[in-house]
Amino acid sequence: MTWQTVDLLDRQAVSEALSASMPSAIYHCAGVADVHGSWHAPGRALRVNVIGTHHLLDAARTIGLTSPILITGSALVYRPSTEPLTEDAPLGPRTPYGVSKLAQEIVARDSGLTVLLARPFNHAGPRQDTSYVTSAFARQLAEVEAGRIEPVLRVGNLESKRDITDVRDTVRAYRALVDRGTPQRPYNVCCGRAYRIRDLLDILLSLARVRVRVEQDPARLRPSDIPIVLGSAERIRSETGWQPLIPIEETLADLLEYWRTALTVPAPRPA
């Protein structure tokens, strides 16, 4: 594996990186993914997710790449609904992040390239950033266990329901789409079950080695918190054969164990 840092907003750097590697497939996972943070910096979400994607696709077209390109969009392009969302559900993003992902998808559709369109719902697992709810819970629990913070878990809205898939299953879905998906056709990546955030927290608390007190933190409440986000995975299952395999209990256990280990590793010293 070769790692190279490239700024998506640097058109020339993107073009040079693609020209040097000439990839057989592109999994475009780079971008701004923090829904809450997009309210504070909507312009950044639009620049990185839309202009950055345009630079990638434009470079691929200019150098003549014919390889498949997976575009990781978002379920937040849909209009909120209490029913399971299919790929034909009405579009109507309610957040700056959702708007940026819909625009990204439109750019990809109009590129003339072999693009696969994924609309992932929530996913979770080891290494996830703490801007995501289950990782935020798991890190706080690991910090309490390590004696770094007081035994208080600070939370936002616990009544929201989210369709959450293990990140490792999500990666398998992306590969299945590149191998067997239909270009230009959107695919939900989800498990088809909405978990209440309070229930996910209860699973983590049952795995904790200490007792903690749960307190609501106003700073963790979002300006536009959709009550339920639930998807239908029928299209991706029937057309690619993919289905999620890892139960949510295993996902959360592995996530908590990741943070326990991460907090015991010393931070690297400055060069």
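In this text, residue positions in the sequence shown follow our numbering: the first is 1, and each later residue adds one. Using N, Cα and C, we set each Cβ at its ideal position, and we do this for glycine too. Small disclaimer: the values here were computed from a predicted structure and weren't measured.
Counting the other Cβ atoms within 10 Å of the Cβ of residue 244 gives 16 or more, which makes it buried.
In the same chain as residue 145, and ignoring 5 residues on each side of it, the C-beta atoms closer than 6 angstroms to its own belong to 209 and 210, in chain order. Taking 8 angstroms as the cut-off, the Cβ atoms of residue 162 and residue 194 count as close.
Residue 159 places its beta carbon less than 8 angstroms from that of residue 196. A Cβ-Cβ separation of about 16 angstroms leaves residue 119 out of contact with residue 171 under the 8 angstroms criterion. Contact annotation: residue 96 and residue 33 have beta-carbon atoms that are not nearer than 8 angstroms. Within the same chain, Cβ atoms closer than 7 angstroms to the Cβ of residue 4 are found at 17, the five residues on either side in sequence being excluded. DSSP places residue 216 inside the beta strand (DSSP E), whose first and last residues are 213-216. Counting along the chain, the unbroken beta strand (DSSP E) around residue 166 starts and ends at 161-166. Counting the other Cβ atoms within 10 Å of the Cβ of residue 106 gives fewer than 16, which makes it exposed. The Cβ neighbour count for residue 191, taken over all protein chains shown within 10 Å, is at least 16; the residue is labelled buried. Contact between the region 215-230 and the region 101-117 is absent: fewer than 3 CB-CB pairs across the two stretches fall below 8 angstroms.
For residue 196, the secondary structure class from DSSP, reduced to helix, strand or coil, is strand.
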